[in-house]
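Data first, discussion second: the structure below is written as structure tokens.
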Amino acid sequence: MRKPFTPRQPRKFIGQYRPRLDGLEKASGRAVYADDFANKTRFPDMLYAKVLHSPHPHARIKSLDVGAAERLPGVAAVLTYRDPEVARLKPTSAGWTDGVDTVSYERMMWKRFRDRRVLGDTAHWVGDDLGVVVAAETEAAAEEALRLVKIEWEVLPFVLDPLEAMKPGAPPVHPEVTPNNVLPADPVGGGDVFLTKGDAERGLAQAEVVAEATSVYHNATQCSLDNWCCLVTWDDDKLTCWSNSYEADMSRMHISQMLDLPLHKVRVVSPFVGGQFGRGDTGEQPFFLFTALLAKRTGRPVKFKHTRRESFHDSRQPAIYHGKAGATKDGTITTLHFKSVGNAGAYADHTMFALKFAPAEVAEVAFAHIPNLKMESYGVYTNVLPACMMRGVGNSQLNFILGHLMDALAEKLGMDPLDLVAKNFGHAWAQPPDKSLAAVLSAGAERIGWAAKRHAPGRGPAREGVIKSGVGFSFHPGWHAEWQEARRGRIQVGLRLNCDGTVMLEAPTVEVGTGSNTCNVLGCAEALGFLGVTPADISFSNTVDTDTGLKDTVQTDSAVSFLQSEALVVAARELKAKVLEAAAGKLGARPEDLDVADGWVFPKSAPKDRRSLPDVLWQGDLVPIAVTVSRPPSSEKTGVPFQANFAEVEVDTSTGQARIVKLVVVNDCGTVMYPSGAEGQQIGGQCMSVGESLTEEIIYDPATGIPLNFNWIDYQIPTMADIPDIEPVLLEVWRGAGEYGACGIGEGVLTCTPAAVLNAIYNAIGARVDVMPFKPEKILAALGMADPGRPGTPGGRP
Amino acid sequence: MAKTRKTSRKNERQEAEPAKVRIRVNGAWRELAVGREVEPSETLSHLLRERFGLTGLKLSCDEGACGACTVILDGKAVLSCMTLAVEADGRSVLTIEGLPKDDPVIQAFAHQCEPGYGTALQCGYCTPGFVMASRALLDENPSPAPEEIKEGLAGNICRCGCYSGIARAVWHASRKTVGKGGAP
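Respectively, the protein sequence lines represent chains Z and L.
Note that the numbering used here has the first sequence beginning at 910, numbered continuously upward.
Note that the numbering used here has the second sequence beginning at 23, numbered continuously upward.
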């Protein structure tokens, strides 16, 4: 039996365990996703699009012959980079926005890195889509047509490793952006040294104790089950795009500006989406555009769907981090220095968000009391698949070195790392020890059994002579408090009260699985307590449609669960005023003399003289009472809450196999909006991180640049049989602005897990494995039992 | 089950008339002309989704690695992306559309919110596959132990990571089924 979460302020709906409101629709298979909608039984004249993928890591198309493809029966259209409607498309970047805000082409986030051509002539990684796209009656015919295209390639030199790519003479991947593959300074991320405070060099020189560490974060990928899919119709002058994009309004902006269509002639619809995990943050997808151009050319609906292999199109930002920490003997940290090199892959996308922007955000809210800071970073182009976001952006990688470094520093100081962390970290709006940080550390330590299980590195008991166990942890600040979401601009919600007392809620956001739609309905019922409504009285659509809806609040930053509910508090207040006004008119009273509670209208002077609200509203013209609110998130700086992850592992020192025995995930949420959903996020994040920590990685053939495991047999995702005991712990210690003062957790739940596992492995075996994922050969190498670089040893080259 | 199974017509193929297959889908027999209404190389998942519009099952990996396309064929959970449609000749296919809405497995997946285990679904894309795999598991073993649930559902991927909630949902469905049926 688990210990359930108890809300600090009991409310009727918010903070209660309950089933998801879309549970039955999804469990019975009735929920419709883009691929289900884009189906021949609904669109009998639908065509299927397939795009060419490069077999080379770096190559240019010299010439192209599509004659045989065009003549193949069943082929409706072949579009190439030479066609005028393709050639005139502007150079673009997947980094228009991280999804938080909606921006125009001119205001895109990473406009210095406009390195993508839609259906261009040059490939930058094996699998890059370019050159030719086909629309045909069947998928098989489209695939066959692509095979019939005769291509003469100019094969160019390539580079896969970021450290190699930085060396003089390395082949330039995007000479139009940078001559030496290193991404230049930009207004959002800053320069190479993007953050300095005090004097880090002097701080380290003067420190009584210094710890250094290296951590290498790798390239796991999102693996949403619902592969990218869209269906586009372009009838007369109106384009409609159904897709599984997590952002409807931004997609509309993208299509409008890239295809030169006015906004009202572009309609974007997103139904249920089968998982996001950051894959949409690679942003403004070229396939929308070429699918649209095919729809235009053929006058028929065209569907484009990635295969599973094509869905390996982006990974988490890999990063090689070096860290140094200086402290006085009493454990006061005086200096932190981090330097990273990130493999951006073939396109810059949001690499600099991961390497610079996000770490700078962490410094603001977690390193505020450390006098000397220096952070520098280098994002480097190579010819592998592009990288940026995956359930968070840049936080996991920074946490991996931070957790490692604190464990190492605590060991040098002879301190418990829990004490070291609590003593030093926090934001500027409170003095350490930070209450939230102390609370998550203490809850995690208790649930994992820290006092009993933590021992000197490698000094614990060994089971069966070879199996050693250990515990470790890491911590991180939240980064989705309301003030951190101010960049979104206004959040739009609408309420319509029907004359029978039921409610039409409009709080558009694409349902990608986070449960924020359940939160919205609960938040609506909570805010409309004066109407006496329950969630069953509220109508809500899980489909976002830019033609009929308000602007969608993009399902990113794990923050939608409370942002729309905060706006609904304001909307409910406005609705209440309008209800009283309407009731006054119908009852012949003055609004200020009336009140409404639990669905009853009454004079303030005589509460017992009450009438039911529907009874009042059934009179007159029966027009629903409607309000629409556009409210910016509160920018009041309230600091952030903290989170911590604790891991217990067992390592078989004879095989190098690490097994995670237990994970404890502790999140201070400010307010837990929907505990069943929040616990689902906490547990789900651990499942993803078990894979990322132990098995998941994309592997390339160094000789050819060909990725070797773009499938779910060789890229190993954990199943139910691989999952350890996971204990979720929800806390409400910190508090933000607003009615709820909540903070998003969906990304952060897995941020600290790899470092917790890394530290637990070290605690178990007394040797460091710095490179993710923690595979047996690396553990054996750390134990001195194998040399990955030496042929013939276990885990070594053959 | 499938007592009306016809002799396979593959051996009796005649020149003028295309071979036919008969497949019972959610209780109703469907007769399909091979080469016109079903291709010899067509997967069962493709037939069900693209020709019959039964889109409850999902096609994610389309190569037998994720379980999202799981349906029940003659009482056994199968990957419909790895089964040829013609292999289902004379057999009974049950898709999620064929389960009653009050099926204890559907109900348990929908309602799971037991504290400490999260929900049994988030994005919901893997859910129909999990529901069908769980249904087949409980049909075969109405009262599985936790380890048997883990093993029985280890062929399905839930990227949202609802494994704890799913295991609880299957356990709850099992209690309900066993209670109702009076089995031990």
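Beta carbons: idealized from backbone N, C-alpha and C, even for Gly.
Between the C-alpha atoms of PRO1096/Z and THR1662/Z there is a straight-line separation of about 32 Å. Secondary structure of TRP1137/Z (DSSP, three-state): coil.
Annotated as distal: VAL1118/Z and LYS1283/Z, with beta-carbon spacing of 9 Å or more.
With the criterion set as a beta carbon lying under 8 Å from some beta carbon of chain L, the stretch 1010 to 1029 of chain Z has no members that meet it. Between the C-alpha atoms of LEU1322/Z and GLY1240/Z there is a straight-line separation of about 7 Å.
Annotated as proximal: VAL941/Z and PHE1181/Z, with beta-carbon spacing under 9 Å. In this structure, the beta-carbon distance from GLU1273/Z to HIS1336/Z falls below 9 Å. Distance from ALA1263/Z to GLY1251/Z at the Cβ level is roughly 7 Å; contact confirmed, criterion being Cβ atoms closer than 8 Å. Counted as a single uninterrupted DSSP element, the stretch harbouring ARG1161/Z is not any beta strand (DSSP E) but the alpha helix (DSSP H) occupying residues 1157 to 1168. Around the beta carbon of GLY1374/Z, a 10 Å sphere encloses fewer than 16 other beta carbons of the protein chains shown; the residue is thus reported as exposed. With contact defined as three or more Cβ pairs closer than 8 Å, the stretch 1523 to 1534 of chain Z and the stretch 1626 to 1633 of chain Z are not in contact. For PRO126/L, the three-state secondary structure derived from DSSP is helix.
Along the stretch 151 to 166 of chain L, going in chain order, the ones with a CB nearer than 8 Å to a CB of chain Z are VAL153. Interface annotation, PRO126/L: not in contact with chain Z, CB-CB separation never under 9 Å. When secondary structure is reduced to three states using DSSP, ILE1622/Z falls in the coil class, being assigned neither helix nor strand. For ASP1634/Z, the enclosing beta strand (DSSP E) begins and ends at 1634 to 1640. Around the Cβ of GLN1340/Z, a 10 Å sphere holds fewer than 16 other Cβ atoms; the residue is exposed. Chain-ordered, the chain Z residues with CB closer than 7 Å to the CB of LYS172/L read MET1629, ALA1630.
Taking a cut-off of 8 Å for Cβ pairs, the stretch 1275 to 1289 of chain Z and the stretch 1050 to 1061 of chain Z do not touch, as fewer than three such pairs fall below it. Note on geometry: alpha-carbon atoms of LEU988/Z and GLU1490/Z lie some 59 Å from one another.
Per the DSSP secondary-structure output, MET955/Z pairs with nothing in a beta bridge. Here PRO1616/Z is buried. Its C-beta has 16 or more other C-beta atoms within 10 Å.
In summary, the residues of the stretch 929 to 951 of chain Z whose CB is separated from some CB of chain L by less than 9 Å are ARG929, ASP931, GLY932, LEU933, GLU934, LYS935, ALA936, SER937, GLY938, ARG939, ALA940, VAL941, TYR942, ASP944, ASP945, PHE946, ASN948, LYS949, THR950, ARG951, in the order they occur in the chain. Classified as buried, VAL1558/Z has 16 or more neighbouring CB atoms from the shown chains inside 10 Å of its CB.
ASP84/L and ILE1622/Z have their C-alpha atoms roughly 12 Å apart. Counting along the chain, the unbroken beta strand (DSSP E) around PHE1384/Z starts and ends at 1376 to 1386. By the CB criterion at 9 Å, ASN1089/Z and PRO1071/Z fall outside the cutoff. Residues of chain Z whose Cβ lies closer than 9 Å to the Cβ of ILE188/L are, in chain order, MET1629.
Counting of Cβ neighbours within 10 angstroms places LYS1687/Z among the buried residues, the total reaching 16 or more. Under the 9 Å criterion on CB atoms, ALA176/L is classed as interfacial with respect to chain Z.
At a cut-off of 4 residues, not a single continuous stretch assigned as alpha helix (DSSP H) sits fully inside the stretch 1437 to 1467 of chain Z.
Contact annotation for LEU106/L against chain Z: no contact, minimum CB-CB distance about 15 Å [criterion: below 8 Å]. GLY49/L counts as exposed, since fewer than 16 other beta carbons sit within 10 angstroms of its beta carbon.
ASP931/Z is not a Cβ neighbour of ASN1620/Z, given a cutoff of 9 Å. Residue LEU1203/Z holds the alpha-carbon nearest to the alpha-carbon of PRO993/Z among LEU1203/Z, ASN1292/Z, ALA1120/Z. Distance from SER1585/Z to TYR926/Z at the Cβ level is roughly 5 Å; contact confirmed, criterion being Cβ atoms closer than 8 Å.
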